[in-house]
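There are 2 protein chains.
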Amino acid sequence: MSAHPGLAYPCLDTPRERAVGYDAVMETELAPARTGGRLVELGPGLALPGFTLTLSPNEEAFGEEEEADFVYKVLSGAVRTTRLLSDGRRQIGAFYLPGDVFGLEFGPVHRFSAEAVTQTDVAIVRRSAVERAAERDPAIARQLWTLASHELADLQDHMLLLGRKNASERVASFLLKLSRRAHSRVIELPMSRCDMADHLGLTLETVSRTMSQMARSHAIDLPNARRVVVHDLEALAA
Amino acid sequence: MSAHPGLAYPCLDTPRERAVGYDAVMETELAPARTGGRLVELGPGLALPGFTLTLSPNEEAFGEEEEADFVYKVLSGAVRTTRLLSDGRRQIGAFYLPGDVFGLEFGPVHRFSAEAVTQTDVAIVRRSAVERAAERDPAIARQLWTLASHELADLQDHMLLLGRKNASERVASFLLKLSRRAHSRVIELPMSRCDMADHLGLTLETVSRTMSQMARSHAIDLPNARRVVVHDLEALAA
DNA sequence: CATCGGCCTTGAGTCAGATCAAGCCCCTCG
DNA sequence: CGAGGGGCTTGATCTGACTCAAGGCCGATG
Chain E
1 MSAHPGLAYP CLDTPRERAV GYDAVMETEL APARTGGRLV ELGPGLALPG
51 FTLTLSPNEE AFGEEEEADF VYKVLSGAVR TTRLLSDGRR QIGAFYLPGD
101 VFGLEFGPVH RFSAEAVTQT DVAIVRRSAV ERAAERDPAI ARQLWTLASH
151 ELADLQDHML LLGRKNASER VASFLLKLSR RAHSRVIELP MSRCDMADHL
201 GLTLETVSRT MSQMARSHAI DLPNARRVVV HDLEALAA
Chain L
239 MSAHPGLAYP CLDTPRERAV GYDAVMETEL APARTGGRLV ELGPGLALPG
289 FTLTLSPNEE AFGEEEEADF VYKVLSGAVR TTRLLSDGRR QIGAFYLPGD
339 VFGLEFGPVH RFSAEAVTQT DVAIVRRSAV ERAAERDPAI ARQLWTLASH
389 ELADLQDHML LLGRKNASER VASFLLKLSR RAHSRVIELP MSRCDMADHL
439 GLTLETVSRT MSQMARSHAI DLPNARRVVV HDLEALAA
């Protein structure tokens with residue numbers, strides 16, 4: 001459970017080194033009884049033995065093309081999944097907040113990398129254990145399909161956002177989603193403007209300007225850069 | 239199996255009427271022996287009893303929010319999946335060509351609509367039959383996960399395209415994908431410029447201009463609007 | 001407490017792609 | 001064969017978001 005030093009790099013610095021530290025985890029995971037394994041609840045009524053692990057900011061949980069041996073659940077902090085173009089352009093597919101499951105792959109390898117946004121605790125479960133459980137119990141299989149279902153629905157929504165919405169609609173949709181998710185009009189943003197931009201298909205300057213504009217028009221409050229109070233975003237989005 | 243008249247509408251005309259014709263299908267499907275049911279191969283070694291159906295251009299296979307009772311496979315023609323914004327902006331999530339399976343949902347309802355691009359034959363299988371088969375046989379369940387896997391991988395790629403690529407990269411990626419898919423440098427485009435634009439997050443004019451430009455620089459040939467011969471797209475995309 | 005380094009904001013200028021507007025091509029149908 | 005219409009192309013213009021650049025804020029650090 002040791003935290004490895006996060007790799008500091010500017011916003012658009014390209015190829016990141018793989019954070020190490022998995023060998024130890026994999027070893028301990030193979031002997032759960034001796035090393036403090038615990039039950040991880042991947043879904044309602046879907047608990048499997050696994051382990052916890054702390055990631056430093058920007059540390060990778062897994063990299064693109066890496067073997068998908070584990071399924072992850074965020075306990076605290078935040079995780080982003082990213083794909084890179086060879087020249088360093090980056091697309092953040094999704095952010096995962098406490099309670100979210102990520103890294104649930106269908107194929108043998110991950111098709112994107114996952115990195116901690118801030119210091120983050122994750123629980124991990126061996127994929128083989130998940131698969132065995134699903135084959136034993138159709139209800140568990142259905143649970144997994146439900147997880148994947150929400151994932152896919154979010155991706156579809158996000159494609160519409162990336163393909164057809166303008167800057168203020170994108171930012172508004174994002175903030176509304178976070179607000180709904182937090183059940184609160186007050187949002188703590190764990191991610192930088194650059195992360196938001198790479199998620200929304202904008203530049204960080206445009207994100208910043210758009211949020212300033214929203215604050216000026218009293219659709220939101222910005223007590224500081226990482227805190228947003230939503231007032232009248234519905235009106236603004238429309 | 240009767241073809242219902244396609245609804246003719248301009249490119250960006252918004253809310254489409256639901257094409258009817260399912261009641262008949264559902265009835266026949268319930269009595270397969272008597273009405274010509276056949277085995278539909280959803281994946282390698284995954285054949286289930288189902289039916290065929292012909293869709294006219296622009297006819298819906300299913301609509302957004304409709305119950306996901308069937309899984310579909312394209313036999314001939316082409317299908318697009320679309321999501322709409324209230325003001326008519328449209329995002330085409332994917333095109334499905336002969337051999338492709340679509341409409342495989344995790345949740346109870348479809349999260350997008352599916353329409354025929356051209357006249358299209360599809361095979362349909364009851365979803366309940368698919369689920370029952372998956373619960374009986376883990377190998378079938380794995381087949382379904384593989385299908386979903388490719389779907390998800392494509393969505394991820396497409397998000398990167400929508401979020402971070404410029405117009406010529408988008409068109410180039412699209413044409414390359416079709417070319418790879420067809421195992422041929424000659425592509426027949428079943429879809430209009432408008433459909434391409436709504437898939438790539440561009441306007442139809444930009445798609446047209448970009449392709450003309452590619453033809454002028456001899457990266458492609460355009461014998462006519464719906465046929466493309468790929469020459470040197472790799473170079474152009476880079 | 002001063003300095004440093006990330007982030008964030010803001011401004012000015014530019015440009016890729018959207019918008020608006022003809023006109024063309026080609027297929028269908030009378 | 002001529003008219004009509006849908007889809008495609010092309011041109012002119014506009015504009016929203018990007019780029020480049022400067023400076024401010026703030027937390028970490030010595």
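Heads up: the protein sequence lines correspond to chains E and L, in order.
With this note's numbering as the guide, the letters of the first sequence map in order to residues 1 to 238.
With this note's numbering as the guide, the letters of the second sequence map in order to residues 239 to 476.
Quick reminder that beta carbons are idealized off the backbone N, C-alpha and C, glycines included.
(message) Just to check my reading of the structure: Val466 of chain L and Ile458 of chain L have Cβ atoms closer than 8 Å, yes? What is that Cβ distance to the nearest angstrom?
(response) Rounded to the nearest angstrom, the Cβ distance from Val466 of chain L to Ile458 of chain L is 5 Å, consistent with a contact under 8 Å.
(message) Three or more C-beta pairs under 8 Å: does that hold for the segment 292-305 of chain L against the segment 358-366 of chain L?
(response) Short answer: they touch.
(request) Just tell me which of L:Met397, L:Glu353, L:Leu393 and L:Phe344 has its CA closest to the CA of Ala372 of chain L. (result) Nearest C-alpha to Ala372 of chain L: L:Phe344.
(message) Residues in the same chain with beta-carbon distance under 7 Å from Glu41 of chain E, minus the five sequence neighbours each way, listed in chain order, please.
(response) Only Ala47 meet the Cβ criterion.
(request) Using a Cβ-Cβ cut-off of 7 Å, state whether Ala371 of chain L counts as contacting chain E. (result) It does not; no Cβ of chain E falls within 7 Å.
(message) Taking DSSP's pairing of strands, which residues face Phe112 of chain E in a bridge?
(response) Phe112 of chain E pairs with nothing; no bridge assigned.
(message) What would DSSP say about Asp121 of chain E, mapped onto helix, strand or coil?
(response) Looking at Asp121 of chain E - three-state DSSP - the assignment turns out to be strand.
(request) Quickly, what does DSSP pair Glu188 of chain E with across the bridge? List them, please. (result) The partner list for Glu188 of chain E (beta bridge, DSSP) reads E:Arg227.
(request) Indicate whether at least one CB of chain E lies closer than 7 Å to the CB of Arg300 of chain L. (result) According to the sequence as given, residue 300 of chain L is Phe; it is not Arg. For Phe300 of chain L, the nearest beta carbon of chain E is not closer than 7 Å to its own beta carbon.
(message) Taking the beta carbon of Ser113 of chain E as the centre, do at least 16 other beta carbons fall within 10 Å, making it buried, or is it exposed?
(response) By the neighbour-count criterion, in which 16 or more other beta carbons inside 10 Å mark a residue as buried, Ser113 of chain E falls on the buried side.
(message) Just list the residues that DSSP pairs Val74 of chain E with in beta bridges.
(response) Val74 of chain E pairs with E:Val122.
(message) Pull the bridge partners of Gln91 of chain E from the DSSP assignment, please.
(response) Answer is E:Arg83, bridged to Gln91 of chain E.
(request) Determine which residues of the segment 396-409 of chain L have a Cβ less than 7 Å from any Cβ of chain E, and write them out in chain order. (result) Under the 7 Å Cβ criterion, the segment 396-409 of chain L contributes His396, Met397, Leu398, Leu400, Gly401 and Arg402.
(request) Would you check if the distance between the CB atom of Ile124 of chain E and the CB atom of His199 of chain E is smaller than 7 Å? (result) No, they are not a contact pair.
(request) Using the Cα positions of Leu413 of chain L and Val468 of chain L, report the straight-line distance between them to the nearest angstrom. (result) Straight-line Cα distance between these residues: approximately 8 Å.
(request) Using three-state DSSP, classify Glu459 of chain L as helix, strand or coil. (result) Per the sequence shown, the amino acid found at residue 459 of chain L is Asp instead of Glu. Strand.
(request) At 3 residues or longer, and completely inside the segment 390-446 of chain L: list those beta strand (DSSP E) runs for me, N to C. (result) If we require 3 residues or more, the beta strand (DSSP E) runs fully inside the segment 390-446 of chain L come out as 424-426.
(request) Please name the residue or residues paired with Gly43 of chain E in a DSSP beta bridge. (result) Looking at the DSSP assignment, Gly43 of chain E forms a beta bridge with E:Leu46.
(message) So, for Ala316 of chain L: in the same chain, excluding its five sequence neighbours on each side, which residues have a beta-carbon less than 7 Å away from its beta-carbon?
(response) Cβ within range, chain order: Phe333, Tyr334, Leu335, Val355, Thr356, Thr358, Pro428 and Met429.
(message) Quick check: the segment 305-324 of chain L against the segment 404-419 of chain L, are at least 3 beta-carbon pairs closer than 8 Å?
(response) Inter-segment contact for the segment 404-419 of chain L and the segment 305-324 of chain L is absent: fewer than three beta-carbon pairs are separated by less than 8 Å.
(message) Among L:Leu385, L:Gly341 and L:Arg418, whose alpha-carbon lies nearest the alpha-carbon of Pro282 of chain L?
(response) The residue with the shortest Cα to Cα distance from Pro282 of chain L is L:Leu385.
(request) Starting from the beta carbon of Arg454 of chain L, find every residue of chain E whose beta carbon is closer than 8 Å, and list them in chain order. (result) Contact of Arg454 of chain L with chain E by beta-carbon distance below 8 Å is absent, the smallest such distance being about 25 Å.
(message) Looking at Glu353 of chain L: is its Cβ nearer than 7 Å to the Cβ of Arg318 of chain L?
(response) Yes, they are a contact pair.
(message) So the candidates are E:Arg181, E:Leu152 and E:Phe51; which of them puts its Cα closest to the Cα of Gly99 of chain E?
(response) Answer by Cα proximity: E:Arg181.
(request) Indicate the three-state DSSP secondary structure (helix, strand or coil) for Ala299 of chain L in the structure shown. (result) Strand at Ala299 of chain L.
(message) Quick check on the burial criterion: 16 or more other C-beta atoms within 10 angstroms. Buried or exposed for Ala24 of chain E?
(response) Confidence at Ala24 of chain E is low in this model, with a pLDDT of 43, below 50, so its placement is unreliable and no value can be given for it.
(request) Work out the CA separation of Glu407 of chain L and Pro346 of chain L for me, nearest whole Å. (result) Approximately 36 Å, taken between the alpha carbons.
(message) Between the alpha carbons of Ala61 of chain E and Glu297 of chain L, how many angstroms are there, rounded?
(response) Inter-residue distance for Ala61 of chain E and Glu297 of chain L is about 44 Å (C-alpha atoms, whole angstroms).
(request) Would you check if the distance between the CB atom of Gly341 of chain L and the CB atom of Leu400 of chain L is smaller than 7 Å? (result) In this structure, Leu400 of chain L does not lie closer than 7 Å to Gly341 of chain L by Cβ.
(request) Find out if the Cβ-Cβ distance for the pair Ala153 of chain E, Arg349 of chain L is shorter than 7 Å. (result) Annotated as proximal: Ala153 of chain E and Arg349 of chain L, with beta-carbon spacing under 7 Å.
(message) Is Gly275 of chain L close to the ligand ZN? I mean its beta-carbon at under 6 Å from any heavy atom of the ligand.
(response) The model depicted lacks the ligand ZN and carries no ligand whatsoever.
(request) Would you tell me roughly how many angstroms separate the C-alpha atoms of Thr14 of chain E and Arg364 of chain L, rounded to the nearest one? (result) Any reading at Thr14 of chain E must be qualified, since the residue scores a pLDDT of 39, below 50, and its modelled position is unreliable; no value is offered.
(request) Can you pull the chain E residues whose beta carbon is under 7 Å from the beta carbon of Phe344 of chain L, in chain order? (result) By Cβ distance, chain E contributes Trp145, Thr146, Ala148, Ser149 and Leu152.
(request) Measure the CB-CB distance between Leu442 of chain L and Ala453 of chain L and report whether it falls below 7 Å. (result) Against a cut-off of 7 Å, the Cβ pair of Ala453 of chain L and Leu442 of chain L comes out as no contact.
(request) Could you check how far apart the C-beta atoms of Leu39 of chain E and Leu393 of chain L are, in whole angstroms? I think they sit under 8 Å. (result) Contact flag wrong, Cβ pair sits at about 32 Å.
(request) Establish whether the CB of Ala33 of chain E and some CB of chain L are separated by less than 7 Å. (result) Because the pLDDT at Ala33 of chain E is just 34, under 50, the model does not fix this residue reliably, and the value given afterwards should be weighed accordingly. With a threshold of 7 Å between beta carbons, Ala33 of chain E makes no contact with chain L.
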